[in-house]
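In our numbering, each number is its position in the sequence shown, counted from 1, plus 43. Following: one structure in structure tokens, then a few remarks.
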Amino acid sequence: MRCARTGWRNAGRDARADIVEPLREPGRPARPELVSPAQLAGRRPGSREGHAALLHAIAHIEFNAINLALDCVHRFRGQPAAFHDDWLKVAAEEAYHFVLVVARLQALGFDYGDFPAHDGLWDMACRTAHDLLARMALVPRVLEARGLDATPPIMKKLKAIGDTESVAVLEIILRDEIGHVAIGDRWFRQQCAARGLEPEATYLQLIDDFRAPRPQPPLHIEARRAAGFSAAELERLSRPRKG
């Protein structure tokens, strides 16, 4: 990993302007078929196929997260080396997560691509391609932070059907994802400071401006605190939204 970062510093990183045009079609295999979220069947793990569909959904998130991290490195070229080091580290860890989840999927007799998936994560990457502040707010601090809330209930479901191997994989993912959201939080706050913006008000405004999904309680308070959310911010996000 250290060699990869050094290679990027020496060969890939330069002082040219950021790339603002979104990359509509990132590198990805021909499968899975991408459909709208409404077309996806429920992912209840009670049946073998439902169990596999749940793991497939997780694998798809991890695959997209690799591209999201690498897009930050490729797109936001004017950022310091520490920024690119952070997102190369994230990409490597997301790739590791993907391999772990696919192995569990294969243990059930399925593979990545066997179920349809949606493109919501990459759609937000395209919508925030022009602005690092929006990208850090809405991908790590909104979409990826949702995983901090969602993972413990998924682990509970998998424990209930005796899939302790997948639970162990999700423990690794949850641990690392706290760090990934923390990286996004750090660079979001750095951008707010550079622009003279109050971070927590700016975050809520960006959620509204981009019509991003607001966090749905119950939140994983401990994980979000570890990732950089303040107690006051979490109290506000935990309230039912009026109107």
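In this text, a Cβ means the ideal position worked out from N, Cα and C, and glycines have one as well.
| Query | Result |
| --- | --- |
| Under 8 Å, do Asn-107 and Leu-164 count as touching if we go by C-beta distance? | yes |
| Do you know offhand how far Arg-87's Cα is from Ala-274's? | 33 Å |
| Cutting at 7 Å between CB atoms, please list the residues of its own chain near Val-144, excluding the five before and the five after it. | Leu-98, Ile-101, Ala-102, Glu-105, Val-212 |
| How many Å lie between Glu-304 and Leu-201 at the Cα? | The displayed coordinates of the chain run from 44 to 286. Any statement about residue 304 would go beyond what the structure contains. |
| Is the beta carbon of Leu-191 less than 8 Å from the beta carbon of Met-167? | no |
| In terms of residues, what are the limits of the alpha helix (DSSP H) holding His-173? | First-last for His-173: undefined, no H or E at that position. |
| Is Pro-188 helix, strand or coil when you go by DSSP? | The sequence as given places Ala at residue 188; Pro does not occur at that position. Looking at Ala-188 - three-state DSSP - the assignment turns out to be helix. |
| Could you check what DSSP says for Leu-262 in three-state terms: helix, strand or coil? | coil |
| When you compare each of Pro-195, Leu-77, Pro-123 to Glu-265 by their alpha carbons, which one comes out closest? | Pro-195 |
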